[in-house]
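Undergrad: Numbering (this note's numbering), first residue to last: 64 to 614. Glycine included, each C-beta is placed from N, C-alpha and C at the ideal position. Structure below; questions to follow.
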């Protein structure tokens, strides 16, 4: 439930704080005082967009923050899915800066508006006159049926079957489209694959061949320079090795004079060992270098084959050629087994379609089962709310499977005797729509764990005895769900567990909207003013006390 709401620098609100009751909170006030402005601010926590026009002070940022107790909501998995830290006391916050930049946070973690919208919808349900338009929407009506039927598991099973069917259908269609082109190019694919396989390519072969060929083409130069190196290092009269050996002999006689001389001797000895190793390698390399015309020709032919294949297949190296070879192998295999693959794809599609139809039949049965009881319950509630001739029926047609099932559902309604029910959008007045929407919310509160419900003048178009019954239903509904309602009716205001009054403060240079929690005396006077005007009589004050059940 919503524990507290703080609004700063929004429209007419400089700063406002409210701690609603866990039951029914009513909000009243004069027209234009800012009641609906509060809903706009709460809408920011539902992910609604805003701009700098909402700033009371254009030089400061707007902040709207709601603290929610969600210990009983079982939303840990949802938080994990959204990669958010879970806390029983969850804080949603929106900030609108003077430069128009909007930021959203959940438990101090920055989130996108989409995430804020998804999470906010789990914590608050804001009903307004605009939402009534949803009543004529077929998808809204279908969602109502599913919620009443408790179809979450059935819907999940159907959705899984629907996605499996789409995958199987796409796989079959793709393979069918590929089949003809695969058959047409089968010979060419076979020829290309045969050519690459006969080449017996090896991944690092090209680099090795190019290196060997380069050595063979420069064999004479390599041998000459290696021999010169041997001459300088070990074969001439003043060869490096002889000089280094003589130096070792001279220093060795000093080794006993101290550690520094012994280390010098050791280092010269190491140089000789390394030099001997180098000389052995040079000699071995020099002997192995040899120009072999036949071998050179073989390497050149092999490289020519590789270069030709690379050019033909637009490849940069052998690795790419091997990848192309593997793709050709897969194509050839698919072509060779095309009839079998098509048969399997068709069988998979038929199986997925069968499972989809089975899931659809099960889902449809759960929906049809609640048509009568839902219609009956709504009609009974509407009769309580002064629509005694209310008629409501749910029309159903079976359609081809789609993302929501095989059911085309539309609610038909009539408020008057002798007039046949017609689609909602064609027959209900504004007041009737408001009452019907409230009845739907009431029914859903009994069936589902709805979040904090906020009603904006859902009592539009009603008065008298009907308003008393509506207030009683709200009171009953609020026993299990937190309910906040904005109302102009004293009969409903009197039902609140907490009564908040919104008013304008014109004492400063700029108008400010404020809200206060009314005590008993203030509440009596406010309800009396709602009944009889700004100067209530003693009789009106007594009437307010009677509404509040105060002696």
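(1) Which value, in whole angstroms, describes the spacing of the CA atoms of residue 442 and residue 453?
(2) Using the Cβ count rule (16 or more neighbours within 10 Å means buried), how would you classify residue 226?
(3) Which class does residue 64 belong to by DSSP, given the choice of helix, strand or coil?
(4) I'd like the span of the alpha helix (DSSP H) that includes residue 182, first residue to last.
(5) Does the region 461-474 come close enough to the region 195-215 that 3 or more CB-CB pairs lie under 8 Å?
(6) Terminal residues of the continuous alpha helix (DSSP H) containing residue 554?
(7) Can you name the start and end residues of the beta strand (DSSP E) that residue 132 belongs to?
(8) Report the three-state DSSP secondary structure of residue 464 (helix, strand or coil).
(9) Using a Cβ-Cβ cut-off of 6 Å (strictly less than) and excluding sequence neighbours within five positions of residue 592, which residues of its own chain qualify?
(10) One question on the structure: do residue 132 and residue 148 come within less than 8 Å of each other, judged by their Cβ atoms?
(11) What do you get for residue 545, buried or exposed, if any count of 16 or more other CB atoms within 10 angstroms of its CB means buried?
(12) Which first and last residues belong to the beta strand (DSSP E) in which residue 577 is found?
(13) My understanding is that residue 408 touches residue 281, with C-beta atoms under 8 Å, so please give their C-beta distance in whole angstroms.
(14) Tell me whether residue 161 sits in a helix, a strand or coil according to DSSP, three-state version.
(15) Would you mind sorting residue 590 into buried or exposed? The rule is 16 or more other CB atoms within 10 Å of its CB.
(16) The alpha helix (DSSP H) with residue 106 in it runs from where to where?
(17) Would you mind reading off the limits of the alpha helix (DSSP H) that contains residue 592?
(18) Expressed to the nearest angstrom, what Euclidean distance is found between the alpha-carbon atoms of residue 420 and residue 197?
(19) Closest to residue 363 by CA distance: which of 262, 583, 273 is it?
(20) Among 358, 125, 325, 190, which one has its Cα closest to the Cα of residue 164?
(21) For residue 59, which residues does DSSP report across the bridge?
(22) Nearest to residue 440 by CA position, among 503, 263, 459, is which residue?
(23) Write down the C-beta distance between residue 189 and residue 106 rounded to the nearest angstrom, noting that I regard them as a contact closer than 8 Å.
(24) One question on the structure: do residue 67 and residue 561 come within less than 8 Å of each other, judged by their Cβ atoms?
(25) Across which residues does DSSP place residue 166 in a beta bridge pair?
(26) Please state whether DSSP places residue 420 in a helix, a strand or coil.
(27) Report back the beta-carbon spacing between residue 335 and residue 307 to the nearest angstrom; my notes put them in contact at under 8 Å.
(28) In whole angstroms, what separates the C-alpha of residue 69 from that of residue 129?
(29) Go ahead and label residue 214 buried or exposed: buried means 16 or more other beta carbons lie within 10 angstroms of its beta carbon, across all protein chains shown.
(30) Helix, strand or coil for residue 377 per DSSP?
(31) In whole angstroms, what is the alpha-carbon distance linking residue 224 and residue 437?
(32) For residue 87, write down the residues that DSSP places opposite it in a beta bridge.
(33) Using three-state DSSP, classify residue 200 as helix, strand or coil.
(34) Do residue 65 and residue 519 come within 8 Å of each other at the CB atom, strictly closer than that value?
(35) Which whole runs of the alpha helix (DSSP H) in the region 314-400 are 4 residues long or more, in chain order?
(36) Would the beta-carbon of residue 564 fall within 8 Å of that of residue 81?
TA: Let me lay it out:
(1) For this step, residue 442 is matched to residue 379 along the chain shown. For this step, residue 453 is matched to residue 390 along the chain shown. Approximately 6 Å between the Cα atoms of the pair.
(2) For this step, residue 226 is matched to residue 163 along the chain shown. Exposed, since its Cβ has fewer than 16 Cβ neighbours within 10 Å.
(3) Indexing the chain shown from 1 puts residue 64 at position 1. Coil at residue 64, not helix or strand.
(4) As a first step, residue 182 is located in the chain shown; it is residue number 119 there, counting from the start. It spans 176-186 - the alpha helix (DSSP H) in which residue 182 sits, taken as one unbroken run.
(5) yes
(6) By 1-based counting over the chain shown, the position of residue 554 is 491. Taken as a continuous stretch (DSSP letters only), the alpha helix (DSSP H) holding residue 554 covers 553-556.
(7) Residue mapping note: residue 132 aligns to position 69 of the chain shown, counting from 1. It spans 125-132 - the beta strand (DSSP E) in which residue 132 sits, taken as one unbroken run.
(8) For the purposes of this step, residue 464 is taken as residue 401 along the chain shown, with counting starting at 1. Looking at residue 464 - three-state DSSP - the assignment turns out to be strand.
(9) Position 529 of the chain shown, counting from 1, holds the residue named residue 592. Contacts found: 599.
(10) By one-based count along the chain shown, residue 132 stands at place 69. By one-based count along the chain shown, residue 148 stands at place 85. Not a contact, by the Cβ cut-off of 8 Å.
(11) As a position in the chain shown, residue 545 is number 482, starting the count at 1. By the 10 Å Cβ count, residue 545 comes out buried.
(12) If you number the chain shown from 1, residue 577 lands on position 514. Run containing residue 577: 575-580, per the beta strand (DSSP E) assignment.
(13) Here residue 408 is taken as the residue at index 345 of the chain shown, counted from 1. Here residue 281 is taken as the residue at index 218 of the chain shown, counted from 1. Not a contact, Cβ separation roughly 59 Å.
(14) Here residue 161 is taken as the residue at index 98 of the chain shown, counted from 1. Looking at residue 161 - three-state DSSP - the assignment turns out to be coil, as it is neither helix nor strand.
(15) Locating residue 590 in the chain shown gives position 527, where the first residue counts as 1. So residue 590 counts as buried.
(16) On the chain shown, residue 106 is found 43 positions in, with the first residue counted as 1. Here the alpha helix (DSSP H) through residue 106 covers 98-107.
(17) Position 529 of the chain shown, counting from 1, holds the residue named residue 592. Per DSSP, residue 592 belongs to the alpha helix (DSSP H) from 583-595.
(18) Taking the chain shown and counting its residues from 1, one reaches residue 420 at position 357. Taking the chain shown and counting its residues from 1, one reaches residue 197 at position 134. Using only the alpha carbons, I get a separation of about 29 Å.
(19) Along the chain shown, one-based indexing puts residue 363 at 300. Cα-wise, what sits closest to residue 363 is 273.
(20) The residue given as residue 164 occupies position 101 in the chain shown. Residue 164 has its Cα closest to that of 125, out of 358, 125, 325, 190.
(21) Nothing can be reported for residue 59: it is not among the residues displayed for the chain, which extend from 64 to 614.
(22) Mapped onto the chain shown, residue 440 falls at position 377. Here the closest residue by C-alpha is 503.
(23) For this step, residue 189 is matched to residue 126 along the chain shown. For this step, residue 106 is matched to residue 43 along the chain shown. Right, their Cβ atoms sit about 7 Å apart.
(24) Against the chain shown, residue 67 aligns to sequence position 4. Against the chain shown, residue 561 aligns to sequence position 498. No. Outside cutoff.
(25) Working through the chain shown from its first residue, we reach residue 166 at position 103. Answer is 158, bridged to residue 166.
(26) For this step, residue 420 is matched to residue 357 along the chain shown. Helix at residue 420.
(27) Taking the chain shown and counting its residues from 1, the one referred to as residue 335 is at position 272. Taking the chain shown and counting its residues from 1, the one referred to as residue 307 is at position 244. Going by Cβ atoms, the distance from residue 335 to residue 307 rounds to 6 Å, so yes, they are a contact pair.
(28) Locating residue 69 in the chain shown gives position 6, where the first residue counts as 1. Locating residue 129 in the chain shown gives position 66, where the first residue counts as 1. One C-alpha to the other measures close to 6 Å.
(29) In the chain shown, residue 214 corresponds to position 151, counting from 1. Under this definition residue 214 is a buried residue.
(30) As a working note, residue 377 is residue 314 in the chain shown. Three-state DSSP puts residue 377 in coil, outside helix and strand.
(31) Indexing the chain shown from 1 puts residue 224 at position 161. Indexing the chain shown from 1 puts residue 437 at position 374. Between residue 224 and residue 437, the C-alpha separation is close to 27 Å.
(32) On the chain shown, position 24 is the one that residue 87 refers to. Answer is 546, bridged to residue 87.
(33) Here residue 200 refers to the residue found at position 137 of the chain shown. In this structure, residue 200 counts as coil in the three-state DSSP scheme.
(34) Counting from 1 along the chain shown, the entry for residue 519 is found at position 456. Counting from 1 along the chain shown, the entry for residue 65 is found at position 2. Contact flag unset, no.
(35) 322-351, 356-375, 381-399
(36) In the chain shown, counting from the first residue as 1, residue 564 sits at position 501. In the chain shown, counting from the first residue as 1, residue 81 sits at position 18. Not in contact: residue 564 and residue 81 (Cβ atoms no closer than 8 Å).
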